[in-house]
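Engineer: Numbering (numbering that gives the first Met the number 0), first residue to last: 0 to 128. Note that the Cβ used here is the ideal one computed from N, Cα and C, for glycine as well. On a predicted model such as this, the values are computed, not experimentally measured, just so you know. I'd like to ask you about the structure that follows.
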Amino acid sequence: MALPDDLLQVLNAKAICFVTTLMPDGSPQISQTWAGTDGEHVLINTVDTHQKTRNIKRDPRIAIGIADPAAPSRSWALRGTVVDATTDGARENIDELSQKYIGRPYPGFGGGQQQRVLLTIKVDKVHTP
Numbered sequence: 000m001a002l003p004d005d006l007l008q009v010l011n012a013k014a015i016c017f018v019t020t021l022m023p024d025g026s027p028q029i030s031q032t033w034a035g036t037d038g039e040h041v042l043i044n045t046v047d048t049h050q051k052t053r054n055i056k057r058d059p060r061i062a063i064g065i066a067d068p069a070a071p072s073r074s075w076a077l078r079g080t081v082v083d084a085t086t087d088g089a090r091e092n093i094d095e096l097s098q099k100y101i102g103r104p105y106p107g108f109g110g111g112q113q114q115r116v117l118l119t120i121k122v123d124k125v126h127t128p
């Protein structure tokens with residue numbers, strides 16, 4: 000499904016984004032994250048040891064809540080599937096996201112060495128409340 004133009008604009012801005020994946024027992028796990036887009040998919044950058052990364056390896060279904068930073072009551076609820084999880088280009092992508100969100104290269108929140116993972120999400124449903 001094509002992402003609506005207004006959603007693409009927000010994804011290219013500093014969107015407030017919450018990602019929900021499924022734990023092994025089926026319970027939801029949610030985390031706030033930065034988000035981007037390639038124009039067709041939602042892109043999320045994470046770390047290989049984070050819970051959401053472990054969850055999508057087992058079950059690629061994902062839900063994403065996004066709010067417009069300029070008007071937080073304007074939001075989207077997305078459901079889809081992670082169709083790719085790669086380390087290729089993930090380091091560059093986190094620096095791009097960091098520039099967008101905080102205006103500087105990624106400062107390495109969490110400390111230590113991190114293996115970044117770039118998640119590509121194919122959106123199947125878009126709901127605008």
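1. Which runs of the beta strand (DSSP E) fall wholly inside the region 1 to 51 and span at least 3 residues, in chain order?
2. From P104 to G35, what distance separates their C-alpha atoms?
3. In whole angstroms, what separates the C-alpha of R113 from that of S74?
4. Could you pull the start and end residues of the beta strand (DSSP E) that D149 belongs to?
5. If we require 3 or more residues per run, which beta strand (DSSP E) segments fall completely within the region 79 to 108?
6. Quick one: Cα of I93 to Cα of I29, how far?
7. Can you tell me where the beta strand (DSSP E) holding T119 begins and where it ends?
Structural biologist: Once the coordinates are examined:
1. As far as the region 1 to 51 is concerned, its whole beta strand (DSSP E) runs of at least 3 residues are 15 to 21, 27 to 32, 41 to 46.
2. Within the sequence shown, residue 104 is the residue found at index 105, counting from 1. Within the sequence shown, residue 35 is the residue found at index 36, counting from 1. Using only the alpha carbons, I get a separation of about 16 Å.
3. Residue mapping note: residue 113 aligns to position 114 of the sequence shown, counting from 1. Residue mapping note: residue 74 aligns to position 75 of the sequence shown, counting from 1. First, the residue type needs correcting, since residue 113 is Gln and not Arg in the sequence shown. So the two alpha carbons sit approximately 31 Å from each other.
4. Here the chain covers residues 0 to 128 and nothing more, so residue 149 does not appear.
5. Taking only runs of at least 3 residues, no beta strand (DSSP E) segment lies wholly in the region 79 to 108.
6. The residue given as residue 93 occupies position 94 in the sequence shown. The residue given as residue 29 occupies position 30 in the sequence shown. For I93 and I29, the gap between their C-alpha atoms comes out near 20 Å.
7. Working through the sequence shown from its first residue, we reach residue 119 at position 120. Per DSSP, the continuous beta strand (DSSP E) segment holding T119 begins and ends at 115 to 126.
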